[in-house]
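One structure is given here, and the rest of the page talks about it.
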Amino acid sequence: MNKPRNKSTLERFQFRQPDKKSLIQGGIIVFIMACTPFIYYAYESFPSNTQVWETSYFTFTTKYLSLYQYAWFLMGKVIPVILLLIWFFTCKHWWHWIILVPLSMYVFQLFNILKQNLNADEVEIIYVIPIMMVLVPFVYLIRAKIFSQMRQNDLKSYEEELFQKRSFWQQLKDLFR
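End of the sequence shown = 164 in my numbering, gap-free, step of one.
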């Protein structure tokens, strides 16, 4: 039973040692993600009964009912933006561009809060629609190109298939094949 192992299986299971740069980057990402609950609850340190915050360095005034409320709204947008940015930049899937849609919506809401616009969550969809009009077809074309390469078809046959008349049920079935 002392059968020698195949060389190819030995080479396949050798793990790549991460370099120092990727370890540092991964450590920073993990640290930021671990700190997000603490950053989110930082709003509790703001005064809840005043709209003006005076320190020896600056004076900050808000249009919101209190600084506590302003900080709560701000943290409710900053944390998802941070997490979505981390997800976007670390995702290796072909569909990671779609993450820009919710990210752009949170960024527009964050800018409205920073401008101290009191109706911050009302009309962002109007600004997100142009982004979606570019991103969604772009991502779908990437998907189509990937799947046509997987099926060994060229894009012309894909276009011909796209312009064929099919029933609603056939189109629905084709979406899930």
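Yeah, the Cβ is synthetic: ideal placement off N, Cα and C, and Gly gets one too.
Short of 6 Å from the beta carbon of L101, and not among the five residues preceding or following it, lies no beta carbon of its own chain. Taking the Cβ atoms as the reference, T23 lies roughly 7 Å from I69, within the contact range of under 8 Å. Around the beta-carbon of V39, fewer than 16 other beta-carbon atoms lie within 10 Å, marking it exposed. Burial is judged here by how many other beta carbons sit within 10 angstroms of a residue's own beta carbon; K64 has at least 16 and is buried. As the crow flies, the alpha-carbon of W81 is around 13 Å from that of V123. Counted as a single uninterrupted DSSP element, the beta strand (DSSP E) harbouring F47 occupies residues T46 to T48.
Between the C-alpha atoms of I112 and Q4 there is a straight-line separation of about 45 Å. Close CB contacts of T42 within its chain, under the 8 Å cut and outside five residues either way in sequence, are absent. In the pairwise beta carbon analysis, the region 23 to 35 is classified as touching the region 45 to 63: at least three pairs are separated by under 8 Å.
Per DSSP, the unbroken beta strand (DSSP E) holding W40 starts and ends at V39 to E41. Cβ-Cβ distances below 8 Å link T77 to I16 in the same chain, with the five nearest sequence neighbours on each side left out; the list follows chain order.
Sorting S154, L72 and I116 by C-alpha distance to the C-alpha of M20 places L72 at the top. It is roughly 54 Å from the alpha-carbon of I26 to the alpha-carbon of Q151.
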